[in-house]
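Here's the structure, in structure tokens; my notes come after.
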Amino acid sequence: MNETLHERAHQLLAESIVEGLRPADEAWLREHLSACSSCTQEAAATQNVLRALRAVPVSVPRDLAARTQLRVRLRAQQSSPAATGSFWLWAVTAASWLLGVFSAPLVWRGFAWLGANFGVPKLALEFGFVLWWAVPALVAVGAVLHQRALSTGTKGI
Numbered sequence: 109m110n111e112t113l114h115e116r117a118h119q120l121l122a123e124s125i126v127e128g129l130r131p132a133d134e135a136w137l138r139e140h141l142s143a144c145s146s147c148t149q150e151a152a153a154t155q156n157v158l159r160a161l162r163a164v165p166v167s168v169p170r171d172l173a174a175r176t177q178l179r180v181r182l183r184a185q186q187s188s189p190a191a192t193g194s195f196w197l198w199a200v201t202a203a204s205w206l207l208g209v210f211s212a213p214l215v216w217r218g219f220a221w222l223g224a225n226f227g228v229p230k231l232a233l234e235f236g237f238v239l240w241w242a243v244p245a246l247v248a249v250g251a252v253l254h255q256r257a258l259s260t261g262t263k264g265i
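If you read the sequence shown in the numbering used here, its first letter stands for residue 109, the second for the next number, and so on.
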């Protein structure tokens, strides 16, 4: 017989053990094994080795599952979206503060215009200007606290 046929049979034997075969390949292998005694012996030897390996007892530590779960949780926490999201939260907060600093003169002029045209009291204008600065900071603090609450909430799972 041709060597390439034997090589194909050996390859199909290995594939049948690992991942299974398509029906056409399985039919070809059965036909080849019925005609080729050396490949039949190879298939039998492979099956004997697999049976022997399956019969070997393997001892596993009792806490292997618990340790594996712990490692998976630790790894999930390290690569969680909350960890990468904190960078963006700080970046957006910094951008907000920079925009607040650079836009302060324009905002003050806007509040002054409101006061002059609509007769808004000066105390209300100053309070509005302070809120203009405080609200983004309060939103950022709320987002950080919310993120921390979410990250500590996942540790108990």
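By construction, the Cβ of each residue, glycine as well, lies at the ideal position given by its N, Cα and C atoms.
Here the structure is a predicted model, which is why all the values come from computation and not from measurement.
In this structure, THR148 keeps its C-beta atom at 8 angstroms or more from the C-beta atom of LEU121.
Residues of the same chain with their beta carbon placed closer than 6 angstroms to that of SER142 are lacking, with the five preceding and five following residues left out of the count. The beta-carbon distance between LEU233 and LEU246, rounded to whole angstroms, is 20 angstroms. This is too long to meet the 8 angstroms contact definition. PHE219 counts as buried, since no fewer than 16 other beta carbons sit within 10 angstroms of its beta carbon.
With contacts defined by Cβ atoms closer than 8 angstroms, LEU137 and SER124 form a contacting pair. Cβ contact annotation for GLN186 (same chain, cutoff 7 angstroms, sequence separation greater than five): none. Within the segment 129–209, complete alpha helix (DSSP H) segments of at least 4 residues are found at 131–143, 145–163 and 172–186, given in chain order. Restricting attention to ALA251, GLY227 and HIS118, the CA atom closest to the CA of SER146 is found in HIS118.
GLU111: member of the alpha helix (DSSP H) spanning 111–126, first to last residue. Judged by DSSP in its simplified three-state form, PRO213 adopts helix. Taking PRO244 as the centre and dropping the five residues before and after it, the same chain places the C-beta of THR201, SER204, TRP205 and GLY208 closer than 8 angstroms to its C-beta, in chain order. Between PRO213 and the set TRP240, ASN225 and VAL126, the nearest pair of CA atoms involves TRP240.
Taking a C-beta distance under 8 angstroms as the contact criterion, TRP216 and PHE235 do not qualify as a contact pair. DSSP places GLY227 in the coil class of the three-state scheme, outside both helix and strand.
Exposed is the label assigned to ALA132, since fewer than 16 other Cβ atoms lie within 10 Å of its Cβ.
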